[in-house]
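Going down the list, the protein sequences come from chains X and S.
Residues in the first sequence are numbered from 1 upward in steps of one, following the numbering used here.
Residues in the second sequence are numbered from 429 upward in steps of one, following the numbering used here.
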Amino acid sequence: MKLMIKNGRVVDPFEKLDEKLDVLVENNLIKKIGKNINTKADQEYNASGKIVCPGLVDMHTHLREPGFESKEKISTGTKSAALGGFTSVICMANTDPVIDNQATVKLVHYIAENEGVVKVFPVAAITKQSLGEELTEFGDLYRVGVVGFSDDGHPVMNAEIMRRALEYALMFDVPIMDHCEDLDLSSQGMVNEGYYSTVRGLKGIPTISESIIVGRDLLLAKYTGGKIHLQHVTTKESVNQIRVAKKEGVNVTAEVTPHHISLTDKEIINYDTNYKINPPLRSEEDRKALLKGLKDNTIDVIATDHAPHTVFEKDQEFNHAPFGIIGLETAIPLIFMNLVEKKALGISQALEKVTKNPCRIMKIRKNGLREGEVADITVIDPELQLVYTKKMIVSKGMNSPFIGKKLKGFPTLTVVNGKIVMKDRRLL
Amino acid sequence: MSTRRLRSKHLLDIESLTKEEIELILDTAVPFKDLFTKSVKKVSFLRGKTIVNIFYEPSTRTRTSFEIAEKRLSADVVNITVSESSVKKGESLLDTIRTLQAMKADIMVMRHSCPGACHLLASRLNASFINAGDGPHAHPTQALLDIFTIREKLGRVKGINVALIGDITFSRVARSNIWGLKKLGANVRVIGPATLIPKDIEKMGVKVYHNLEKGLEGIDVINILRIQRERQQQMLFPTIREYNRLFGIDETTLRRTDVLVMHPGPMNRGIEISDYIADSPQAVICQQVTNGVAVRMAVLYLIAGEGDLNEIND
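Have a look at this one:
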């Protein structure tokens, strides 16, 4: 079985490639990359005018299974990933039961192998049931294949536990990933604290709620030498602190979401719960700081925080609706529209944040589109413009603030292990 | 005048009203207030309309005021009081209100602890919604009756200096008053502890004072907000005693007798307001309540009423 991806602009941040090349895939491997490859293939994909890159990796996905299958399943979540151009997702541990034991890790692997459309890499909780009290069995969990540890959805509020987690994880060289939020400072908050929370009477979450824990984590990582990954950072102060810490050699990486680089807190003015996200949408000043952080590589990764919920859960009073929006299917258009097209980042640097960097941090792949490597490939049409509709969505979640909006720059081909799973916006 | 209407069939907050709409409501309330002096205080503008007053938070004065307003307009009125605890086990807000709508209620007057609850319903359902208070966000009819009272007593709103005193962070009365007063050209200041003034409120065009004496300089109207004991438990101020000493209005802190004193009620006598001030001639607290019925009649009439206002004098 041979697949030829013809005439695309190959942008590969791993191999520092950016030129018009053909890519030949045979079975599950990349057979050859070069100009005008003259081999008869079983299938040929014309990538002329499109970007061919290593398969995208989402470092922050909520697949919800086991436990919350009404919101999402591994099957639907990975379909959503495939449609969004992702060939791998790192899934969070806030399922029910929490991914804090070997059996649940194995269950996720088993379902993903049988029903998954793309590759699934679970992280495990840092603490048992993510309660922030006792460490999980990092060693055993690592042995069955978790790629990192995170209590995402909750912070690790106790600094002593965070310190021990960072130290203990050093033995396995995996990252501790933290959802940075001081729960006392953000108690019951729903949106960014500022003018819009004030006029709409919604309880605010101050920027310091995040920045203080970011600062604490950086100090702990510096002290322990541990490997910390800061999830979905949103504030100017967070970015500034991470920048300084990196200069000092702290082993820190950080991610932002596509929505935090695209939207600000003014969107909450109509009480639309599809803008209720934690951490909340911040001010324009914060958003600009995130762009700057991406540009100077203070921020390593763009990750979706894909957080599906049912319609009835989101169709409630703003106070009662759960936090989160889906993001796998809109991530690439948002990156192209808000970063590449506006010249905040070049294509290669933008793609690095969804390919090479997450792979490096999670240690899931060393090389890009190199002959002999496993063929995980994504093709993006930067000119493809569509009105994003509910009908297009393949996630079980319909909770997207981008429904009805014109988006541009969609993936058109997703290849996992040499097999096409999405072609021309249709799942195969 | 009777042919003029509001642009929306809902009254969700003051920020979505224009200056002209606010003035229309205030002007329309005048003949309704005149009606109260008559032996038969009733007109038929809302005959055949069904109104449901649904209160998810306890309320005596607002609920009664709406009910009297509705009955004086000849509407058929149903009152529902729902406790928060029963809501938690029960159906969603949308489903509850959808059920009432299916019974063909024309107008729903709702109080709810969640900001934006009325907006959610108005965006999904067909009935007219009147917000009778949504958490700390808005209490539009309260602001309208406060402004009506100011206009009645002082003859104008433009250019006067109004202070809102107390817990601004959690006050829907404060927010709605700020919007309404600013739209009509008043100068608005807020006075309260630093912990009870929400972030960036200056961007709403108000001045912030943490010192009562300075805040009261040159003032024409003060609107004293109820202080909730709950806020002390949230560590937002140390003690009720100290709150009273720093922000309580009494005959020593308010020495000018020409300042109009308002309070949306219910009052905590001896905390935010002294007996002496509450019972003084400069306090118009009971007149606010009377005006509340007239203003609510005006709002209901403008949203769903039929017939000419001149019928009041027939």
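C-beta atoms are modelled at their ideal positions from N, C-alpha and C, and glycine is treated no differently.
Just so you know, these numbers come straight off a predicted model, no measurement behind them.
Assigned with DSSP and collapsed to three states, methionine 59(X) falls in strand. Distance from the CA of isoleucine 126(X) to the CA of asparagine 101(X), rounded to the nearest whole angstrom, comes to 11 Å.
With respect to chain X, the C-beta atom of alanine 622(S) has no partner C-beta closer than 9 Å.
Secondary structure remark: continuous beta strand (DSSP E) runs of at least 3 residues inside the segment 445 to 493 of chain S, in chain order: 478 to 483. Runs of the beta strand (DSSP E) lying entirely within the segment 226 to 289 of chain X and spanning at least 3 residues, in chain order: 228 to 230, 252 to 256. DSSP, reduced to helix, strand and coil, places cysteine 359(X) within a helical segment of the structure shown. In the three-state reduction of the DSSP assignment, leucine 107(X) falls in the helix class, which pools H, G and I.
Nearest CB-CB separation between lysine 610(S) and chain X: not below the 9 Å threshold. Going by DSSP, methionine 162(X) is part of the alpha helix (DSSP H) stretching over 159 to 169. Identification of chain X residues near serine 520(S) by a Cβ-Cβ cut-off of 8 Å yields Phe312, Asp315, Gln316, ordered along the chain. Among the bridge pairs identified by DSSP, tyrosine 45(X) is matched with Ile5(X).
Contact between isoleucine 652(S) and methionine 632(S) is absent: CB atoms are separated by about 19 Å, not below the 8 Å threshold. Glutamine 715(S) and glycine 583(S) have their C-alpha atoms spaced approximately 15 Å apart. Contacts between valine 23(X) and chain S, judged by CB atoms closer than 8 Å, are missing: the closest CB pair is about 48 Å apart. Between the alpha carbons of aspartate 381(X) and leucine 452(S) lies a gap of roughly 55 Å. Here valine 636(S) is bridged, per DSSP, to Val618(S). Around the beta carbon of glutamate 341(X), fewer than 16 other beta carbons sit within 10 angstroms, so the residue counts as exposed.
Along the length of the segment 195 to 222 of chain X, whole alpha helix (DSSP H) runs at least 4 residues long occupy 195 to 200, reported in chain order. Residue contact check for asparagine 319(X) against chain S: a CB pair falls below 9 Å. The DSSP-derived three-state label of serine 88(X) is strand. Within chain X, the residues whose beta carbon sits less than 7 Å from that of proline 626(S) are Thr198, listed in sequence order. Per DSSP, the continuous beta strand (DSSP E) segment holding isoleucine 51(X) begins and ends at 51 to 54. Beta bridge pairing from DSSP links glutamine 385(X) with Lys408(X). Close CB contacts of leucine 549(S) within its chain, under the 6 Å cut and outside five residues either way in sequence, are with Ile525, Phe557 (chain order). Proximity of chain X to arginine 654(S) at the Cβ level (cut-off 7 Å) is not reached, the minimal Cβ distance being about 16 Å. Isoleucine 111(X) and isoleucine 261(X) have their alpha carbons spaced roughly 33 Å apart.
Close partners of lysine 631(S) in chain X (Cβ separation under 7 Å): Tyr195. Those residues of the segment 238 to 269 of chain X placed with their C-beta closer than 8 Å to a C-beta in chain S do not exist. Bridge pairing for glycine 34(X): Asp22(X) [DSSP].
From the listed residues Glu267(X), Pro175(X), Arg282(X), the smallest Cα separation to isoleucine 208(X) is found for Arg282(X). Within chain X, the residues Gly201 have their CB atoms less than 8 Å from the CB of arginine 600(S), given in chain order. Residues of the segment 563 to 595 of chain S that bring their beta carbon within less than 8 Å of a beta carbon in chain X comprise Gly563, Pro564, His565, Ala566, in sequence order.
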